[in-house]
Amino acid sequence: MKSKLLIGFLIVQAFLLIGYFVVSKSMAAKSTNPKIVFEELTHDFGKVAQGTVLEHSYKFKNEGSGKLIVSSIRASCGCTGAVLDGKKEFEENETGEIKVTLNTQGREGIQVKTVFVTSNDSTQMDVVLTFKCEIYKNQ
Numbered sequence: 455m456k457s458k459l460l461i462g463f464l465i466v467q468a469f470l471l472i473g474y475f476v477v478s479k480s481m482a483a484k485s486t487n488p489k490i491v492f493e494e495l496t497h498d499f500g501k502v503a504q505g506t507v508l509e510h511s512y513k514f515k516n517e518g519s520g521k522l523i524v525s526s527i528r529a530s531c532g533c534t535g536a537v538l539d540g541k542k543e544f545e546e547n548e549t550g551e552i553k554v555t556l557n558t559q560g561r562e563g564i565q566v567k568t569v570f571v572t573s574n575d576s577t578q579m580d581v582v583l584t585f586k587c588e589i590y591k592n593q
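Okay, here's the thing in structure tokens:
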């Protein structure tokens with residue numbers, strides 16, 4: 455009888471211990487989860503003259519509770535540039551921006567370009583920023 459009681463007690467203790475670790479791990483994960491949130495994901499420059507260099511800044515904020523780390527920014531083609539505003543790590547509620555440029559020289563018609571932003575936001579590790587314009591030749 456005592457051995458059954460002891461086994462029952464140990465089983466209850468094991469479940470409590472497992473529950474404690476599951477809850478602790480869950481709370482720790484929530485407390486260090488960065489979240490990158492952009493003010494906009496697309497931008498339209500409208501109609502522009504050929505030869506113009508276009509610039510736009512995509513602003514974002516770390517709305518999570520852990521440190522946001524932007525690990526890479528990749529433009530879809532060589533005519534497009536994209537740079538971070540000087541730092542790669544952002545604390546909770548800290549803001550940053552990614553400046554994109556497009557050289558329209560030698561291009562004509564509707565252009566759609568993308569920039570891929572990779573971070574440690576576990577809900578969306580890759581964000582795609584898109585911008586477009588319609589380029590016309592100067593007469």
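Position 101 of the sequence shown, counted from 1, bears residue number 555 in the working numbering, the numbering being contiguous throughout.
Even for Gly, the Cβ is constructed at its ideal location relative to N, Cα and C.
Taking the alpha carbon of residue i as the reference point, which residue from the options has its own alpha carbon closest?
| i | options | result |
| --- | --- | --- |
| residue 498 | 567, 575 and 579 | 567 |
Taking its Cβ as the centre, do 16 or more other Cβ atoms sit within 10 Å of residue i, making it buried, or is it exposed?
| i | result |
| --- | --- |
| residue 549 | exposed |
| residue 559 | exposed |
| residue 563 | exposed |
| residue 540 | exposed |
Going by beta-carbon coordinates alone, are residue i and residue j separated by less than 7 Å?
| i | j | result |
| --- | --- | --- |
| residue 554 | residue 536 | yes |
| residue 488 | residue 580 | no |
| residue 583 | residue 569 | yes |
| residue 594 | residue 522 | The chain is shown from 455 up to 593; residue 594 falls before or after that span and cannot be answered. |
| residue 645 | residue 512 | Since the displayed the chain opens at 455 and closes at 593, residue 645 lies outside it and no answer follows. |
| residue 572 | residue 520 | no |
| residue 516 | residue 546 | yes |
Apart from the five residues just before and just after residue i, which ones in its own chain have a Cβ nearer than 8 Å to its Cβ?
| i | result |
| --- | --- |
| residue 578 | 490 |
| residue 561 | 504, 533 and 589 |
| residue 530 | 567, 568, 569 and 570 |
| residue 592 | 503, 504 and 505 |
| residue 542 | 523, 524 and 525 |
Enumerate in chain order the residues of its own chain whose CB-to-CB distance from residue i is below 6 Å, with the five nearest sequence positions on each side excluded.
| i | result |
| --- | --- |
| residue 587 | 499, 502 and 565 |
| residue 496 | 584 |
| residue 528 | 570 |
| residue 518 | 487, 488 and 489 |
| residue 509 | 555 |
For this session: Please list the segments of the beta strand (DSSP E) lying wholly inside the stretch 516 to 550, counting only runs of 3 or more residues, in order along the chain.
Result: Runs found: 522 to 529 and 534 to 538.
Exercise. In chain order, which continuous runs of the beta strand (DSSP E) of length 3 or greater are located wholly inside the stretch 551 to 587?
Worked result: The qualifying runs are 563 to 573.
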